[in-house]
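Beneath this line is the structure, given in structure tokens, with notes to follow.
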Amino acid sequence: MPPKSLPKYTIRVGLIWLVPVGTLVLGCFHWTPLLLALLLTPLEVPKVRSRLFGGRAKKLLPCLKVPALLRLSLLWVLQVWFIILWRANAPNSDAQSPEASSEDLEALRISVVLPCAGEGLYALNTVRAVYESLPPGVLHEIIVVDDGTEPPLSQSFLTPDVLEKFQVTILRHAETVGLIGAKKGGGDAATGDIIVFFDCHVAPQPGWHESFVRLIGENYRRIVTPVITDLDVGTWQQRGTGGQAKCYLTWDADFKWFESEDPYVPILSGGLLGISKRWWNETGGYDVQMVGWGGENLDQSLRSWLCGGEIMMAKDSFVAHMWRKPDDPRTRAKYTLKAGAANRNRLRAAVAWFGEFSEKLSSFPSLQSERRNADGTPWYGDLSNILEVKNRLKCKSFAWFMHRFKHVYEDGGLIPKETFTLKDASHSDMCLTYEGSAGTSPNGRGTAVLAPCHGGERQRWHGANRFDKGECCSGLRAWNTDQCVTGVLDGKVSTFVCDVSGQNAHQAWQLDSGQLKQRSGGFMQSDCVTPADGSLKVRRCSGASWLQDDVLEPIESNLYKKALAELQL
Numbered sequence: 001m002p003p004k005s006l007p008k009y010t011i012r013v014g015l016i017w018l019v020p021v022g023t024l025v026l027g028c029f030h031w032t033p034l035l036l037a038l039l040l041t042p043l044e045v046p047k048v049r050s051r052l053f054g055g056r057a058k059k060l061l062p063c064l065k066v067p068a069l070l071r072l073s074l075l076w077v078l079q080v081w082f083i084i085l086w087r088a089n090a091p092n093s094d095a096q097s098p099e100a101s102s103e104d105l106e107a108l109r110i111s112v113v114l115p116c117a118g119e120g121l122y123a124l125n126t127v128r129a130v131y132e133s134l135p136p137g138v139l140h141e142i143i144v145v146d147d148g149t150e151p152p153l154s155q156s157f158l159t160p161d162v163l164e165k166f167q168v169t170i171l172r173h174a175e176t177v178g179l180i181g182a183k184k185g186g187g188d189a190a191t192g193d194i195i196v197f198f199d200c201h202v203a204p205q206p207g208w209h210e211s212f213v214r215l216i217g218e219n220y221r222r223i224v225t226p227v228i229t230d231l232d233v234g235t236w237q238q239r240g241t242g243g244q245a246k247c248y249l250t251w252d253a254d255f256k257w258f259e260s261e262d263p264y265v266p267i268l269s270g271g272l273l274g275i276s277k278r279w280w281n282e283t284g285g286y287d288v289q290m291v292g293w294g295g296e297n298l299d300q301s302l303r304s305w306l307c308g309g310e311i312m313m314a315k316d317s318f319v320a321h322m323w324r325k326p327d328d329p330r331t332r333a334k335y336t337l338k339a340g341a342a343n344r345n346r347l348r349a350a351v352a353w354f355g356e357f358s359e360k361l362s363s364f365p366s367l368q369s370e371r372r373n374a375d376g377t378p379w380y381g382d383l384s385n386i387l388e389v390k391n392r393l394k395c396k397s398f399a400w401f402m403h404r405f406k407h408v409y410e411d412g413g414l415i416p417k418e419t420f421t422l423k424d425a426s427h428s429d430m431c432l433t434y435e436g437s438a439g440t441s442p443n444g445r446g447t448a449v450l451a452p453c454h455g456g457e458r459q460r461w462h463g464a465n466r467f468d469k470g471e472c473c474s475g476l477r478a479w480n481t482d483q484c485v486t487g488v489l490d491g492k493v494s495t496f497v498c499d500v501s502g503q504n505a506h507q508a509w510q511l512d513s514g515q516l517k518q519r520s521g522g523f524m525q526s527d528c529v530t531p532a533d534g535s536l537k538v539r540r541c542s543g544a545s546w547l548q549d550d551v552l553e554p555i556e557s558n559l560y561k562k563a564l565a566e567l568q569l
């Protein structure tokens with residue numbers, strides 16, 4: 001007898017299940033192709049179809065009139081389309097490992113990099129604190145980068161017995177190359193799965209590493225920062241538990257601390273962080289042309305966010321840090337910075353990543369964004385090494401970053417919809433005028449006075465800071481500065497660094513019907529900033545005191561709207 005051939009419907013059913021089985025084998029399984037196969041299989045089996053629909057199958061199911069091969073082709077296209085759509089919207093499977101087992105996480109080893117320049121005993125204290133904070137098997141190595149210390153640390157505090165006891169390797173620079181160069185050298189030399197950078201004057205608290213390992217183990221493109229607390233340099237113990245972890249980027253390429261509810265961090269402060277060795281290599285580490293200290297945190301943060309990574313705060317990880325305090329000689333830096341180096345570094349990061357928003361940098365004379373060398377090249381140097389990373393990783397735009405952190409840039413007032421002047425209602429030739437310069441205030445404070453109106457930028461103001469933990473604006477900010485109105489002192493308006501979260505009640509001043517009113521505790525107070533005899537006072541509100549005039553859309557708002565339209569956000 002000739003062998004029986006398979007029924008046609010058996011072959012068709014097998015082809016229906018081709019895509020679901022294939023996705024399972026290839027590790028990209030999704031429920032939608034499976035459900036389609038389950039739904040259509042009964043329709044291809046004559047006996048089942050007959051029981052379900054009787055002789056009316058072709059009448060009730062017009063699809064059966066289509067040739068079987070065409071039906072299957074359309075099904076395959078639909079199944080594959082669902083897979084492609086799902087994969088396009090899913091987190092990167094190489095980066096995300098949400099089901100990483102405890103064994104996988106336990107296998108990760110940490111290299112701690114400590115850049116030390118003239119730290120002396122603090123280097124030994126930090127090495128000991130790091131070593132004692134980690135359980136056996138987690139620490140892969142401690143790399144101390146001795147950045148030109150004299151005498152060398154290996155001849156003073158980090159002697160051979162200390163190196164052996166605490167698993168320390170020293171990289172020695174005969175001359176100081178600066179914090180960025182020291183960290184770059186240490187990061188490149190590290191061989192652990194996770195690189196942790198700490199300043200050379202910290203005391204990590206017990207268990208700090210657990211969240212680092214877990215968060216980076218889940219996503220190798222995730223940078224993690226701890227809650228940074230205060231270190232008592234006399235006892236090398238943590239002082240209190242209050243700390244900070246989050247910063248945001250300002251238009252003058254600086255960074256400010258702030259608070260928010262979510263765990264994501266727009267900008268690193270830079271000194272304390274963890275990053276996988278793989279992501280360090282892929283993003284190129286630090287910009288090799290940055291010198292000294294400052295700006296590397298901006299570049300690294302934008303490299304991560306715009307190029308497929310993210311930054312998270314480990315809210316249960318605490319590291320005590322010695323802050324530089326002018327009145328405490330024990331905390332003074334033992335190295336000097338080259339004049340202009342920090343501005344150059346910040347400008348490099350901003351020009352490389354701001355894109356069309358680089359136009360805004362000219363608003364800040366201290367950055368000298370238009371300055372050129374004698375040969376006509378930009379004074380901040382060649383950016384090709386950063387641009388190579390940007391192109392290779394197909395990084396997103398700066399507008400995407402600001403939209404990602406809408407609660408800071410839109411709701412916090414960094415992208416004001418309008419700016420305006422405030423004129424004395426009784427003397428319209430006098431305007432509220434900020435007395436400082438554009439950009440960051442040197443001491444975090446400022447003042448504003450009544451002065452003859454001249455139409456300059458220092459007389460332009462806008463709403464700022466989140467309102468009731470929501471949209472803008474609960475305060476008043478001097479345009480192109482970091483300063484918000486906090487009250488009146490000695491006839492002048494006093495200002496302080498804006499709290500974009502809106503939590504600072506002293507900055508709750510709003511324009512309402514020509515009055516600059518203070519708002520506190522959710523209820524409108526009767527106090528207003530009022531012009532009086534060429535000075536400014538806080539008085540009981542009575543009638544309009546200010547004329548809001550010369551309302552304009554600022555350049556950053558105009559550029560942002562255009563960028564969002566192009567991104568379809």
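First residue of the sequence shown: 1, per full-length UniProt numbering; consecutive thereafter. Heads up, the beta-carbon is just placed ideally off N, CA and C, and yes, glycines get one too.
At what residues does the alpha helix (DSSP H) containing residue i begin and finish?
i: P160; result: P160 to K165
i: A244; result: In the sequence as displayed, the identity of residue 244 is Gln instead of Ala. First-last for Q244: Q237 to Q244, but that is the beta strand (DSSP E), not the alpha helix (DSSP H).
i: L306; result: E296 to L306
i: F354; result: A341 to F354
i: I110; result: Element bounds for I110: not the alpha helix (DSSP H) but the beta strand (DSSP E), I110 to C116.
i: L121; result: L121 to S133
i: R278; result: K277 to T283
Note down, in chain order, each residue of its chain lying with its Cβ closer than 7 Å to the Cβ of residue i, except the 5 sequence neighbours on either side.
i: Y220; result: A95, S276, R278 and W279
i: P152; result: D146 and R172
i: L105; result: V213, R214 and G217
i: S93; result: In this prediction, S93 has a pLDDT of 41, which is less than 50 and means its spatial position is unreliable; what the coordinates show is noted afterwards. Counting only Cβ-Cβ distances below 7 Å, and skipping sequence neighbours, we find nothing.
i: P452; result: D429 and M430
i: F523; result: Residue confidence is low: F523 scores 48 on pLDDT, short of 50, so the model does not pin down where it sits. Its coordinate-derived value is still stated next. Cβ neighbours of F523 beyond the five flanking positions: none.
i: L249; result: F255, P266, I267 and L298
i: P206; result: S133
Spatial neighbours of residue i within its chain, please: C-beta separation below 8 Å, excluding the five flanking residues on both sides.
i: S358; result: A350, V351 and S369
i: A342; result: G292, W293, G294 and G295
i: R539; result: D527, C528, T530 and A532
i: L306; result: W353, K390, C395, K396, S397, F398, W400 and F401
i: G514; result: A425, G543, A544, S545, W546, L547 and Q548
i: V127; result: L114, I142, V144, L158, V162, F166 and V168
Whole-angstrom Cβ separation of residue i and residue j, contact assumed at under 8 Å?
i: G217; j: L361; result: Not confirmed; about 38 Å, so no contact.
i: G284; j: V389; result: 5 Å
i: G186; j: I223; result: No, G186 and I223 are not in contact; Cβ-Cβ is about 16 Å, not under 8 Å.
i: D482; j: C498; result: 6 Å
i: residue 583; j: K184; result: Residue numbering for the chain in the displayed model covers 1 to 569; residue 583 lies beyond these limits and cannot be assessed.
Output needed for residue i: all residues of its chain with C-beta closer than 6 Å, excluding positions within five of it in sequence on either side, in chain order.
i: D199; result: G271
i: A90; result: Note that A90 scores a pLDDT of 43, beneath 50, so its modelled location is shaky; the value from the coordinates is reported in the next line. The answer is none, since no qualifying residue turns up.
i: A88; result: At A88 the pLDDT is 46, less than 50, meaning the model places this residue with poor confidence; the figure from the coordinates comes in the next sentence. Result list for A88: empty, nothing under 6 Å.
i: D549; result: T421 and K423
i: V227; result: G243, A245 and F318
i: L552; result: T419
i: A563; result: A399
i: I180; result: Y286, M290 and E296
Looking only at C-alpha atoms, which of the options sits nearest to residue i?
i: V488; options: D512, A129 and C528; result: C528
i: G439; options: D382, L367 and W379; result: L367
i: S542; options: S557, N558, K246 and L516; result: L516
i: L298; options: T419, G475, C247 and N443; result: C247
i: Q507; options: L476, G491 and S301; result: L476
i: Q510; options: G274, G207, P416 and A464; result: A464
i: T331; options: I110, Q483 and L121; result: L121
i: T10; options: P42, C116, V21 and R346; result: P42
i: T235; options: A174, L450 and A129; result: A129
i: H403; options: K338, W461, W546 and L559; result: L559
i: R348; options: P206, R303 and H321; result: R303
i: K165; options: D262, S156 and E141; result: E141
i: S474; options: D252, I110 and V500; result: V500
Could you give the first and the last residue of the continuous beta strand (DSSP E) run that contains residue i?
i: S317; result: E310 to H321
i: T250; result: Here T250 belongs to no beta strand (DSSP E), and DSSP marks it neither H nor E.
i: N219; result: No beta strand (DSSP E) contains N219, which DSSP labels as neither H nor E.
i: L393; result: That residue, L393, is in no beta strand (DSSP E); it is neither H nor E in DSSP.
i: A399; result: First-last for A399: F398 to R404, but that is the alpha helix (DSSP H), not the beta strand (DSSP E).
i: K183; result: Looking at the DSSP string, K183 is not in any beta strand (DSSP E); the run it does join, the alpha helix (DSSP H), is L179 to A189.
i: E141; result: L139 to D147
i: N443; result: From DSSP, N443 is part of no beta strand (DSSP E); its letter is neither H nor E.
i: I194; result: I194 to F197
Let me see if you follow: with CB-CB separation under 8 Å, is residue i close to chain D or not?
i: S369; result: The question asks about chain D, but that chain is absent: this structure has only one protein chain.
(message) For the pair the stretch 178 to 195 and the stretch 259 to 266, tell me if three or more CB-CB distances fall below 8 Å.
(response) With the cut-off at 8 Å, the stretch 178 to 195 and the stretch 259 to 266 do not touch.
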